[in-house]
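Protein chains in written order, with my numbering: chain A, 233 to 608; chain B, 233 to 608. Backbone N, C-alpha and C define an ideal beta-carbon position, used for all residues, glycine too.
There are 2 protein chains.
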Amino acid sequence: MTTRLAKLSAALRTLRVEPQGEASGLSAVALNPSPSLTYLTGLRFHLSERPVVAIFTADAPPVIVLPALEMLKVIGLPYQVQTFPYPENPAEWEGVFRQAVQSLGLDGKRIGVEPRALRLLEFHHLQAGAPEAKFPDASALVSSLRIRKDAEEIAAMRRAVHVAQKALENTLVLIKIGMSEKELAAELTVQLLRSGSQPEMPFSPIVSSGPNSANPHAAPSERKLQPGDLLVIDWGATVDGYVSDLTRTFAVGEVEAEYHKIHQIVQAANAAGRAAASPGVPCGSVDKAARAVIEQAGYGLHFTHRTGHGIGIEGHEEPYMRGDNELLLEPGMAFTVEPGIYLPGRNGVRIEDNVVITEKGAACLSDMGRELRAVG
Amino acid sequence: MTTRLAKLSAALRTLRVEPQGEASGLSAVALNPSPSLTYLTGLRFHLSERPVVAIFTADAPPVIVLPALEMLKVIGLPYQVQTFPYPENPAEWEGVFRQAVQSLGLDGKRIGVEPRALRLLEFHHLQAGAPEAKFPDASALVSSLRIRKDAEEIAAMRRAVHVAQKALENTLVLIKIGMSEKELAAELTVQLLRSGSQPEMPFSPIVSSGPNSANPHAAPSERKLQPGDLLVIDWGATVDGYVSDLTRTFAVGEVEAEYHKIHQIVQAANAAGRAAASPGVPCGSVDKAARAVIEQAGYGLHFTHRTGHGIGIEGHEEPYMRGDNELLLEPGMAFTVEPGIYLPGRNGVRIEDNVVITEKGAACLSDMGRELRAVG
Numbered sequence: 233m234t235t236r237l238a239k240l241s242a243a244l245r246t247l248r249v250e251p252q253g254e255a256s257g258l259s260a261v262a263l264n265p266s267p268s269l270t271y272l273t274g275l276r277f278h279l280s281e282r283p284v285v286a287i288f289t290a291d292a293p294p295v296i297v298l299p300a301l302e303m304l305k306v307i308g309l310p311y312q313v314q315t316f317p318y319p320e321n322p323a324e325w326e327g328v329f330r331q332a333v334q335s336l337g338l339d340g341k342r343i344g345v346e347p348r349a350l351r352l353l354e355f356h357h358l359q360a361g362a363p364e365a366k367f368p369d370a371s372a373l374v375s376s377l378r379i380r381k382d383a384e385e386i387a388a389m390r391r392a393v394h395v396a397q398k399a400l401e402n403t404l405v406l407i408k409i410g411m412s413e414k415e416l417a418a419e420l421t422v423q424l425l426r427s428g429s430q431p432e433m434p435f436s437p438i439v440s441s442g443p444n445s446a447n448p449h450a451a452p453s454e455r456k457l458q459p460g461d462l463l464v465i466d467w468g469a470t471v472d473g474y475v476s477d478l479t480r481t482f483a484v485g486e487v488e489a490e491y492h493k494i495h496q497i498v499q500a501a502n503a504a505g506r507a508a509a510s511p512g513v514p515c516g517s518v519d520k521a522a523r524a525v526i527e528q529a530g531y532g533l534h535f536t537h538r539t540g541h542g543i544g545i546e547g548h549e550e551p552y553m554r555g556d557n558e559l560l561l562e563p564g565m566a567f568t569v570e571p572g573i574y575l576p577g578r579n580g581v582r583i584e585d586n587v588v589i590t591e592k593g594a595a596c597l598s599d600m601g602r603e604l605r606a607v608g
Numbered sequence: 233m234t235t236r237l238a239k240l241s242a243a244l245r246t247l248r249v250e251p252q253g254e255a256s257g258l259s260a261v262a263l264n265p266s267p268s269l270t271y272l273t274g275l276r277f278h279l280s281e282r283p284v285v286a287i288f289t290a291d292a293p294p295v296i297v298l299p300a301l302e303m304l305k306v307i308g309l310p311y312q313v314q315t316f317p318y319p320e321n322p323a324e325w326e327g328v329f330r331q332a333v334q335s336l337g338l339d340g341k342r343i344g345v346e347p348r349a350l351r352l353l354e355f356h357h358l359q360a361g362a363p364e365a366k367f368p369d370a371s372a373l374v375s376s377l378r379i380r381k382d383a384e385e386i387a388a389m390r391r392a393v394h395v396a397q398k399a400l401e402n403t404l405v406l407i408k409i410g411m412s413e414k415e416l417a418a419e420l421t422v423q424l425l426r427s428g429s430q431p432e433m434p435f436s437p438i439v440s441s442g443p444n445s446a447n448p449h450a451a452p453s454e455r456k457l458q459p460g461d462l463l464v465i466d467w468g469a470t471v472d473g474y475v476s477d478l479t480r481t482f483a484v485g486e487v488e489a490e491y492h493k494i495h496q497i498v499q500a501a502n503a504a505g506r507a508a509a510s511p512g513v514p515c516g517s518v519d520k521a522a523r524a525v526i527e528q529a530g531y532g533l534h535f536t537h538r539t540g541h542g543i544g545i546e547g548h549e550e551p552y553m554r555g556d557n558e559l560l561l562e563p564g565m566a567f568t569v570e571p572g573i574y575l576p577g578r579n580g581v582r583i584e585d586n587v588v589i590t591e592k593g594a595a596c597l598s599d600m601g602r603e604l605r606a607v608g
């Protein structure tokens, strides 16, 4: 944590606004309970009706505004913090936020925030504490600290992949015709825990069968598995705070010929996306490589989403594998490759792996077979 | 859902701002993926880097801005919606938000939001779509729709309590001295799923032992259970979208006399809090009744949090059992009663039940014994 905090301080020293002020630059970064806060500080808080905000500056120790009853969480940290605890009565919170922000002399300055995580709840308290401050988007700065994973982070992600794969193997043998998507999802969740996932999973498993498999973001339903179904399972584990996110598609009994065909196309698209991943290559090229395979096979309109997203402490983070993303891949960047073909009202296929960029190319963390296996 | 939507429309008709405008009133409510959105529409979306916003007005069908790849979720709903899907490229999102907001003629109007749920991500898109609009806090309005549970909601909460109690009973028999808090929490999570909880639990179980039990919001650690520990387990289940949230405290082997004493005090405080709950009584009285027992026993400084919080579709919602809360209890309001005594550096006790206000008094949904049971 101390290294990560030092990196943020160093970045803020570079970005600091001179006294005369300018329209760019940042004097601080303010975070609410979020993956970035955990990344920087190791701290976890529930995202509740009680606002928690940590403010990072170039030179002072982090300032944390938090409920008094959470104070035990910030005692004994391996780095200095300055805490501003508030009591249970919400009427007193604003004054405590004002003290915190003013202790850092931030009114009128530029305080960077993460719009994807910060709620109006915390934002309004920050604003009340520094009515003349500006709150620009600091997502790119915070993301730049997180986007290249170190060896320890990659090792945790590898463990998260192995736990997920083991859990699915343990679940596949239990699948029976007539089992509902919800039952299968609950069993997979149990197996994820038994295999060593933390209870805070990146997401609840997606188990979608038959026509539901044509919906990329389906929630498990009461629908029962039937012969002839494609079965999409999109699942992941969390190990030591890092996540995995995989998808495999199965055949329930015999399925029609076109489903075999689209599965082969998606398998080829997945391989093409992984093969395109290498340092110095734009993220967009990974998307284009996978998409080209599906387009050439005539199913381009049925691949309705980007090819992948970054992965690490969060299930979705930078970098995004979107055709228009010109960001160049660098060693340590980790992301999913997950092309799909969805035939509305019929069935769908998705195959998803987790990849990390190395010095010379890319390593695939997941090694579970990608062929169309029959289950049930 | 249609009844709930109709209630919101009716409320908005009352609150509508006349053409000449005024500083109060509301023309619309805008919600991001949140428990309130699910309550009103039945819809669930991941809270991701792709903003989703639903806008409710007095007369038009709800307007939903969402990623094109989520469109299948809004097909076949039992009520009308107007959808504004956007493609994967974020550069195009702002234009789609502008169309959506302008289709309702909302620029310059007052659009209510929930600061506890809405992120700057969605807020900035709304603002870009309606630069002259104001975005007042509509939490009280939305909460007023949710705060009185109907019979069906209470039945779901009762099932969520029973599933949680069954899961804990199945776990208690597996507790052994030397088991870590994390192992115990994982086992309890498995039992919650086996007993019928949905995978989306209200929170990961808190399992805290020995000195950790003196931290009301401790996360399960690698600490192993030892004779002489108090063991606090705070857990809950989700059934049909409604949650339970319970706490019991156990003795690992023999514990010192003072721990028996504080357990008895907390048990009496829990009973006093539940007994004080009745229609027409202010929420503050529930807190005061529980707190008085602990204060009279000389441990007032060690009860560091409010006595409870509302519960329903969320683990924490209105009404809050805080001494200064003058809101009067009404039939259908549901909340926790969870006094505690925490001796820093030593051990802690908390006992939590789920209560719902009836026409004549209050019903306790949880009936698991509250005595200090020995485990291990």
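Taking the C-beta atoms as reference points, glycine 564 of chain B is found nearer than 8 Å to arginine 380 of chain B. For glycine 540 of chain B, there is no enclosing alpha helix (DSSP H); the enclosing beta strand (DSSP E) has its first and last residue at 540-542. Leucine 561 of chain A sits close to isoleucine 589 of chain A, with the two beta carbons spaced by under 8 Å. Residue pairing of leucine 263 of chain B in beta bridges, as defined by DSSP: B/Ala286. One finds nothing in chain A with a Cβ atom closer than 8 Å to the Cβ of leucine 377 of chain B; even the nearest lies about 17 Å away.
Isoleucine 379 of chain A sits in coil when the DSSP states are folded into three classes, being neither helix nor strand. When C-beta atoms of the segment 397-404 of chain A are compared with those of the segment 358-367 of chain A, fewer than three pairs fall below 8 Å, so the two segments do not count as touching.
Residues of the segment 443-470 of chain A whose Cβ lies closer than 7 Å to any Cβ of chain B, in chain order: Asn447, Pro448, His449, Ala451. About 7 Å separates the beta carbons of glutamate 591 of chain B and proline 511 of chain B, which is inside the 8 Å limit, making them a contact pair. Judged by DSSP in its simplified three-state form, serine 445 of chain B adopts helix. Among the residues of the segment 541-571 of chain A, those with a Cβ less than 7 Å away from any Cβ of chain B are His548, Arg554, Asp556, in the order of the chain.
Sequence-ordered contacts of the segment 390-423 of chain B with chain A read Ala417, Ala418, Thr421, Val422 [C-beta pairs closer than 7 Å].
Counting of Cβ neighbours within 10 angstroms places isoleucine 307 of chain B among the exposed residues, the total staying below 16.
Collapsing the DSSP output to three states places valine 295 of chain A in a strand. Counting of Cβ neighbours within 10 angstroms places threonine 246 of chain A among the exposed residues, the total staying below 16. Among the residues facing chain A, serine 517 of chain B is not included, as its CB has no counterpart in that chain under 8 Å away.
Annotated as distal: glycine 608 of chain B and isoleucine 287 of chain B, with beta-carbon spacing of 8 Å or more. Isoleucine 465 of chain B is positioned such that its CB atom lies no closer than 8 Å to that of alanine 450 of chain B. The beta carbons of proline 448 of chain B and histidine 537 of chain B sit closer together than 8 Å. Counting C-beta atoms within 10 angstroms of its own C-beta, glutamate 346 of chain A has 16 or more neighbours from the protein chains shown and is therefore classed as buried.
DSSP places aspartate 519 of chain B inside the alpha helix (DSSP H), whose first and last residues are 515-528. Under DSSP, asparagine 586 of chain B forms a beta bridge with B/Thr568. Within chain B, the residues Ala451 have their CB atoms less than 9 Å from the CB of arginine 276 of chain A, given in chain order. For the segment 352-399 of chain A, not one full-length beta strand (DSSP E) segment reaches 3 residues or more. Take aspartate 472 of chain A, set aside five residues on each side of it, and the residues of its chain with a beta-carbon closer than 6 Å to its own are Ala388, in chain order. Its chain contains Ala399, Asn402, Thr403 as the residues whose beta carbon lies nearer than 7 Å to that of glutamine 423 of chain A, once the 5 sequence neighbours on both sides are disregarded; these appear in chain order.
Close CB contacts of histidine 495 of chain A within its chain, under the 7 Å cut and outside five residues either way in sequence, are with Thr481, Val581, Leu604 (chain order). Using a CB distance cut-off of 8 Å, valine 374 of chain A does not count as an interface residue toward chain B. Following the DSSP letters along the chain, one finds leucine 478 of chain A inside the beta strand (DSSP E) bounded by residues 478-484. Three or more beta-carbon pairs drawn from the segment 567-576 of chain B and the segment 528-545 of chain B are found closer than 8 Å, and the two stretches are therefore classed as touching. Taking the Cα positions, histidine 394 of chain B is about 22 Å away from glutamate 454 of chain A. For serine 440 of chain B, the secondary structure class from DSSP, reduced to helix, strand or coil, is strand.
Judged by pairs of C-beta atoms under 8 Å, the segment 353-361 of chain A does not touch the segment 414-434 of chain A, as fewer than three such pairs exist. Take proline 459 of chain A, set aside five residues on each side of it, and the residues of its chain with a beta-carbon closer than 8 Å to its own are Ile409, Val484, Gly485, Glu486, Gly608, in chain order. Chain A places a beta carbon closer than 8 Å to that of leucine 350 of chain B, counting this residue as a contact. Between alanine 566 of chain A and arginine 506 of chain A, the C-beta gap is not smaller than 8 Å, which leaves the two residues out of contact.
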